Every structure is written in structure tokens, then in C-alpha cells.
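Per UniProt numbering, the very first residue in the sequence shown carries number 1; after that it's consecutive.
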Amino acid sequence: MRRRSAESSRDLPIIKLLPNLLTLTAVCAGLTAIRFAFLGEFEWAVRLVLAAGVLDGLDGRLARLVRSESLVGAELDSLADFLNFGVAPVLILYTWALQGAGGLGWIACLCFSLCCLMRLARFNVDAKHGGKGPMPAEGSASAADAAPAPAATSRPGDYFVGVPSPAGAILLLLPMVVSFALKQPPILPPAALAIYLVVIGLLMISRIPTYSFKNITVRRDKASFTLLGAVLVAAALLIYLWPTLIILTVVYVASIAVALISRRRTVRKG
Numbered sequence: 001m002r003r004r005s006a007e008s009s010r011d012l013p014i015i016k017l018l019p020n021l022l023t024l025t026a027v028c029a030g031l032t033a034i035r036f037a038f039l040g041e042f043e044w045a046v047r048l049v050l051a052a053g054v055l056d057g058l059d060g061r062l063a064r065l066v067r068s069e070s071l072v073g074a075e076l077d078s079l080a081d082f083l084n085f086g087v088a089p090v091l092i093l094y095t096w097a098l099q100g101a102g103g104l105g106w107i108a109c110l111c112f113s114l115c116c117l118m119r120l121a122r123f124n125v126d127a128k129h130g131g132k133g134p135m136p137a138e139g140s141a142s143a144a145d146a147a148p149a150p151a152a153t154s155r156p157g158d159y160f161v162g163v164p165s166p167a168g169a170i171l172l173l174l175p176m177v178v179s180f181a182l183k184q185p186p187i188l189p190p191a192a193l194a195i196y197l198v199v200i201g202l203l204m205i206s207r208i209p210t211y212s213f214k215n216i217t218v219r220r221d222k223a224s225f226t227l228l229g230a231v232l233v234a235a236a237l238l239i240y241l242w243p244t245l246i247i248l249t250v251v252y253v254a255s256i257a258v259a260l261i262s263r264r265r266t267v268r269k270g
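So this is what it looks like as C-alpha cells:
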């Protein structure tokens with residue numbers, strides 16, 4: 001009888017495995033994106049990176065929902081983030097347009113990947129050793145993306161420190177998205193793309209504040225309009241993926257400037 005109860009205590013409901021399954025599926029999407037890039041199917045490669053980003057946003061929320069947060073899941077998510085947002089986008093962009101830049105293009109790729117890696121490592125250590133950032137929930141956001149920027153009077157979690165790795169990957173792929181929307185070959189020369197890549201990498205390890213949209217709230221009487229807007233954006237992404245993604249990316253870049261100005265005003269008032 002005791003043996004049966006001990007065995008049953010070790011049983012794990014299969015639903016608690018779903019968050020890690022989503023994380024592993026995101027890894028498969030990132031690896032397959034690299035394969036499509038090598039095959040010259042660049043639009044599908046970018047789509048798969050976007051899919052990995054969606055899965056990255058879902059796995060942590062599912063982990064909290066089914067109460068299956070774990071240290072293993074958090075580490076797995078961080079490793080998945082490095083592959084999906086620090087390696088796959090770089091190889092896609094390099095295969096697409098940076099080979100013509102020679103060694104400069106590859107050095108830029110290494111710079112971006114190393115910046116992503118340092119971001120994840122820095123905030124994982126900060127989270128585990130009592131830093132300002134909380135321990136990340138399984139999957140949703142890596143420690144790098146869960147650690148809020150310090151603020152004098154703002155709520156905890158209102159800001160990230162630097163650009164989160166998923167956002168950095170989307171910014172990195174923006175030149176490709178613009179070319180897809182215009183149905184044109186690369187519009188920037190390889191050297192300019194290499195410089196752009198380095199700048200995005202530095203933004204990820206910078207100390208600039210960027211908004212954490214997880215804490216955005218809406219008034220109850222405006223909830224219906226918010227839902228309608230979200231549905232329309234989702235529909236636009238399904239029908240007009242590349243133009244809509246360009247618009248959303250531009251809005252995000254503008255939000256970085258707004259967050260920086262807002263933080264400076266907050267610090268001055270504090």
C-alpha cells in the first residue's frame with residue numbers, strides 16, 4: 001500500500017508537461033527556420049522565427065496556469081531563447097544578405113549572438129542571486145526579459161532593462177520584412193546591414209528602459225474596444241503579415257523613445 005502511494009506521488013499529470021512541450025516546439029521552429037534559410041526559403045524562415053516568438057510568449061503563461069513552473073523549465077526557456085532569438089535570426093540574415101560583407105558580416109553576426117547570450121546570462125545570474133529581477137516563470141520570458149528596470153516611482157515590472165531578446169530578433173529581421181513587403185531584394189548594402197545588426201545587439205545589453213507590456217491595464221468600459229482592436233491586429237497579421245509587422249515594429253521603436261523620456265522625467269521628479 002505504501003509502495004503504491006509512493007509511486008502515485010511520483011506521477012506527473014501530462015498537462016504539466018505542456019509548457020515544456022511548447023518550449024521544445026519553439027526550438028524545433030527555430031532550427032527549422034535555419035534549415036529554410038539554407039534552402040533559400042527566407043519568408044518561411046522568418047515566419048518560423050515569429051512562430052517561435054509566439055510559443056515563447058505562451059509557454060510561461062501556460063506554466064503559471066497549470067502551476068508547473070520549475071527551475072528546469074526556466075533554464076530550458078533561456079536556452080531556447082538563445083537559439084531562437086540569438087542564433088537563428090543571425091544565420092537567416094547572414095545567409096540572406098551578409099555573405100557579401102565578408103568577414104565584417106560574420107563579425108557583426110557574432111556580436112549580435114554574443115550580446116544576446118550576455119543578456120540572458122546576466123539576468124539569469126541576477127535572478128538567481130537576489131538581483132532586481134524576479135525568477136522567471138517557466139517558459140514565458142527568460143530571466144533577461146523578466147527582470148524589470150529599476151524605477152523611482154513606477155510599478156515593478158513596468159520596464160525591461162534593454163531590448164528583450166524576442167524584440168531584438170524582430171528588429172534584426174526588419175530589413176528582410178521590408179524587402180518581403182516591397183517584393184524587392186535587400187534594400188541595404190551588406191556593410192550597412194552589418195552595422196545595423198551590431199546596433200540592435202548593443203541595444204539588448206544596454207541599460208535603456210523599454211516598456212513591459214505585460215502590466216498594461218485597460219478600463220473595464222474600454223475592454224470591448226481593446227479586444228476588438230486585438231482581433232483586428234491579429235487578422236491583419238494573418239492577411240497582410242509583412243506590412244502589419246512593419247507597422248508594429250515602428251510602433252515598438254517609438255515606444256522605446258517614449259519609455260526613455262518617461263523614465264528620465266520620473267527620475268528627475270524622484
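Quick reminder that beta carbons are idealized off the backbone N, C-alpha and C, glycines included. These numbers come from a predicted model, not from an experiment.
Residue i: first and last residue of the uninterrupted beta strand (DSSP E) it sits in
i, result
"Y159", "Y159 to V161"
"Y211", "P209 to Y211"
Proximity winner among the options, relative to residue i (alpha-carbon distances)
i, options, result
"F82", "L62, F112 and E69", "F112"
"S212", "L120, K16 and F160", "F160"
"G30", "T244, V87 and A254", "V87"
"A33", "A108, L48 and T249", "L48"
"V125", "L71, A108, E41 and G168", "L71"
"F123", "F225, A74 and I256", "A74"
"W44", "L79, A235, D59 and W96", "W96"
"T217", "D59, A257, L182 and D158", "D158"
"C28", "A51, I14 and E41", "A51"
"K214", "G60, I14, L18 and L193", "G60"
Spatial distance of residue i from residue j (CA atoms)
i, j, result
"R207", "R220", "34 angstroms"
"F38", "I170", "19 angstroms"
"L12", "L62", "16 angstroms"
"R10", "I261", "52 angstroms"
"G103", "V90", "14 angstroms"
"G105", "K222", "47 angstroms"
"T244", "L228", "16 angstroms"
"G53", "V66", "21 angstroms"
"A57", "A80", "Here residue 57 is Gly; the residue named in the question, Ala, does not match the sequence. Distance between the alpha carbons of G57 and A80: 12 angstroms."
"R64", "G201", "30 angstroms"
"A259", "R265", "10 angstroms"
"P150", "I256", "Below a pLDDT of 50, predicted positions are generally treated as unreliable, and P150, at 45, falls in that range; the measurement from the model is reported next regardless. Spanning the two alpha carbons is a distance of roughly 16 angstroms."
"K132", "Y240", "Unreliable positioning characterises K132 in this predicted model, as indicated by a pLDDT of 47, which lies under 50. A coordinate reading is not provided."
"G40", "A254", "32 angstroms"
"I92", "F225", "37 angstroms"
"A181", "T249", "14 angstroms"
"G100", "L232", "40 angstroms"
"A234", "Y252", "16 angstroms"
"K183", "A192", "20 angstroms"
Residue i and residue j closer than 8 angstroms at C-beta
i, j, result
"G162", "M204", "yes"
"Y196", "P164", "no"
"L238", "V46", "no"
"V178", "I246", "yes"
"D77", "T23", "yes"
"C109", "G168", "no"
"K128", "S68", "no"
"P166", "F42", "no"
"P209", "R263", "yes"
Buried/exposed call for residue i, threshold 16 Cβ in 10 Å
i, result
"D189", "Strictly speaking, residue 189 in this sequence is Pro, with Asp absent from that position. Classification of P189: exposed, given that the 10 Å Cβ count is below 16."
"A230", "exposed"
"Y94", "buried"
"F36", "buried"
"I14", "exposed"
"I107", "exposed"
"A194", "buried"
"L55", "buried"
"L114", "exposed"
Element boundaries [alpha helix (DSSP H), containing residue i]
i, result
"R219", "From DSSP, R219 is part of no alpha helix (DSSP H); its letter is neither H nor E."
"W44", "F42 to L65"
"F82", "Where F82 is concerned, there is no enclosing alpha helix (DSSP H), given that its DSSP letter is neither H nor E."
"L174", "S165 to L182"
"A97", "Premise fails: A97 is in no alpha helix (DSSP H) and is neither H nor E."
"P19", "L18 to F38"
"Y196", "P190 to M204"
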